[in-house]
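A.B. asks:
Numbering (our numbering), first residue to last: 1 to 328.
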């Protein structure tokens with residue numbers, strides 16, 4: 001049942017993103033106008049005066065927090081990539097919905113300390129307040145985090161993005177943010193948090209956003225290493241024998257240690273320079289290149305500090321390809 005002071009402004013699944021896709025992502029911090037928006041059941045608008053967060057379950061002190069309570073608690077900023085895992089109905093199709101933003105809010109760990117979480121709790125369930133239907137399922141948008149991740153310093157109840165209060169479209173007034181994990185885990189319009197000794201049983205936890213694995217189904221959690229070429233784009237005018245620069249972004253839950261670029265469709269690879277990261281931000285890579293006339297097929301691939309890389313095809317983090325025409 002909907003609470004007082006809220007209504008759905010747009011119903012059903014929707015996606016918004018820059019017309020030029022990843023080629024629009026030219027700045028270190030992604031402006032909101034260039035940051036994708038995805039919703040499963042619609043957009044929810046909440047009167048901040050009526051918003052509250054119920055924290056219960058395996059806790060010693062069940063608590064209801066209002067927006068003013070969160071605003072009075074210690075807050076922190078954290079820079080992180082924000083990436084959609086893509087459609088749960090087509091998990092191997094790359095979507096390239098990505099941005100790099102600065103979140104600000106209250107560490108979830110402080111809220112859990114405040115309610116005296118039990119030592120028996122192994123998962124934290126977070127539920128959004130929106131309602132509606134997605135893929136023939138009509139239930140709350142609920143996700144869970146292993147307790148270790150929930151207590152990590154970077155996981156916050158966000159109040160701001162890029163220095164501005166969260167808008168309703170971004171999940172405001174309060175959303176969960178789990179840096180380094182796919183956006184599906186960062187629940188918008190948070191209304192309740194429950195400490196539990198098992199995983200949540202809802203469809204968004206058990207059915208959607210799960211990948212096949214040797215041991216069964218594996219939840220879509222940590223962002224796999226991925227990279228994109230921002231420039232040149234297919235629309236750029238390039239001339240043969242004129243030096244140019246291939247550059248883009250690489251990211252993942254773990255730091256990226258190397259990026260390689262191919263200018264011949266994957267026939268050979270060259271090592272690009274890779275910049276640093278802050279928090280769980282993306283990292284810029286660059287490679288100087290003198291193109292030859294005709295069609296050139298550019299690819300990029302990255303490897304993280306744990307040795308994980310990008311598959312060529314059939315994965316949400318498959319290698320990115322850009323075709324460019326070079327004038328004689």
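We put the beta carbon where it would ideally sit given N, CA and C, even for glycine.
1) For residue 53, which option in 164, 163, 64 and 187 has the closest C-alpha, if you only look at C-alpha atoms?
2) Per the contact definition of three or more C-beta pairs closer than 8 Å, is the segment 262–275 in contact with the segment 229–240?
3) Buried or exposed: which applies to residue 93, given that a residue is buried once 16 or more other Cβ atoms fall within 10 Å of its Cβ?
4) Evaluate residue 323 with the Cβ neighbour count: other Cβ atoms within 10 Å of its Cβ, from every protein chain shown; 16 or more gives buried, anything less gives exposed.
5) State yes or no: is the C-beta of residue 256 within less than 8 Å of the C-beta of residue 302?
6) For the alpha helix (DSSP H) containing residue 68, name the first residue and the last one.
7) Note down the Cα distance separating residue 214 from residue 280, rounded to an integer number of angstroms.
8) Drop a sphere of 10 angstroms on the beta-carbon of residue 251, count the other beta-carbons inside from all chains shown, and report buried for 16 or more, exposed for fewer.
9) Could you say which of 173, 243, 151 and 130 lies nearest to residue 141 if we only look at CA atoms?
10) Quick check on the DSSP output: the beta strand (DSSP E) that includes residue 299 runs from which residue to which?
11) Relative to the alpha-carbon of residue 136, which residue among 180, 13, 276 and 61 has its alpha-carbon at the smallest distance?
12) Candidates 69, 133 and 21: which alpha carbon is nearest residue 321's?
13) Can you look up residue 134 in the DSSP assignment and give me helix, strand or coil?
14) With H, G and I counted as helix, E and B as strand and the rest as coil, what does DSSP make of residue 155?
15) The alpha helix (DSSP H) that contains residue 108, what's its start and end?
16) With DSSP as the reference, please indicate the residues paired to residue 264 in a beta bridge.
17) Please confirm whether residue 35 and residue 99 have their CB atoms less than 8 Å apart.
18) Do residue 45 and residue 146 have their C-beta atoms closer together than 8 Å?
19) Counting C-beta neighbours from all protein chains within 10 Å, is the total for residue 264 16 or more, i.e. buried, or is it exposed?
20) Quick check: the Cα distance between residue 196 and residue 148, rounded to an integer number of angstroms?
21) What's the C-alpha gap between residue 3 and residue 153?
22) Go to residue 209, then tell me how far its alpha helix (DSSP H) extends in each direction, as first and last residue.
23) Can you give the Cα-Cα distance for residue 88 and residue 209, rounded to whole angstroms?
24) Start and end of the alpha helix (DSSP H) containing residue 21?
25) Do residue 85 and residue 112 count as a contact pair if the criterion is CB distance below 8 Å?
26) Beta-carbon within less than 8 Å of residue 7's beta-carbon, same chain only, minus the 5 sequence neighbours each way: which residues are those?
27) Identify which residue in 55, 109, 174 and 225 has its Cα closest to the Cα of residue 254.
28) How would you write the range of the beta strand (DSSP E) that residue 95 sits in, first residue to last?
29) Report the residue ranges of all beta strand (DSSP E) runs contained in full by the segment 145–199; include only those spanning at least 3 residues, in chain order.
30) Mark residue 295 as exposed unless 16 or more other C-beta atoms lie within 10 angstroms of its C-beta, in which case mark it buried.
31) Over the uninterrupted beta strand (DSSP E) stretch that includes residue 81, give me the two end residues.
32) Classify residue 34 as helix, strand or coil using the three-state DSSP reduction.
33) Applying the criterion that 16 or more other CB atoms from any shown protein chain within 10 Å of the CB defines a buried residue, is residue 9 buried or exposed?
34) How about residue 29 and residue 103: do their beta carbons lie closer than 8 Å?
C.D. replies: The structure says:
1) 64
2) no
3) exposed
4) exposed
5) yes
6) 67–71
7) 28 Å
8) buried
9) 130
10) 294–304
11) 13
12) 21
13) strand
14) coil
15) 108–114
16) DSSP lists no partner for residue 264.
17) yes
18) no
19) exposed
20) 13 Å
21) 31 Å
22) Element bounds for residue 209: n/a, residue is neither H nor E.
23) 5 Å
24) From DSSP, residue 21 is part of no alpha helix (DSSP H); its letter is neither H nor E.
25) no
26) 44 and 45
27) 225
28) Unbroken run through residue 95: none, as it is neither H nor E.
29) 156–161, 175–177 and 190–196
30) exposed
31) 76–83
32) helix
33) exposed
34) no
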